[in-house]
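Asker:
In this note's numbering, the protein residues as written are 851 to 924.
#1: If contact is defined by three or more beta carbon pairs under 8 Å, each pair taking one atom from either stretch, is the region 864-881 in contact with the region 889-897?
#2: In whole angstroms, what separates the C-alpha of residue 888 from that of residue 866?
#3: Just checking my contact of residue 899 with residue 886 at CB under 8 Å: how many whole Å lie between their CB atoms?
#4: How is the alpha helix (DSSP H) around residue 895 delimited, first residue to last?
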C-alpha cells in the first residue's frame, strides 16, 4: 500500500463507496469495571426476580444488567 493510500484510504479502489467518519466518545461509556452493589427489595420482588433469572438461565446480576442494557421501545 502506498503512503498516499495509507493517509487517504477513501482513495483506495477497494474502499469505493465507503463512508468514513470520526467521533469523540467518552471512554467511561465503555467502562466494564465490575462494581459491587447492595440493594434492598421486598421479598416478593426478590422471589419474582429469582424466578425470572432461573427461567432465563442467568444470575441475578446478569439478568439485571441484561434488562438495564437492552433497548426498550417507548
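By construction, the Cβ of each residue, glycine as well, lies at the ideal position given by its N, Cα and C atoms. These numbers come from a predicted model, not from an experiment.
Answerer: In short:
#1: no
#2: 52 Å
#3: Not confirmed; about 17 Å, so no contact.
#4: 893-906
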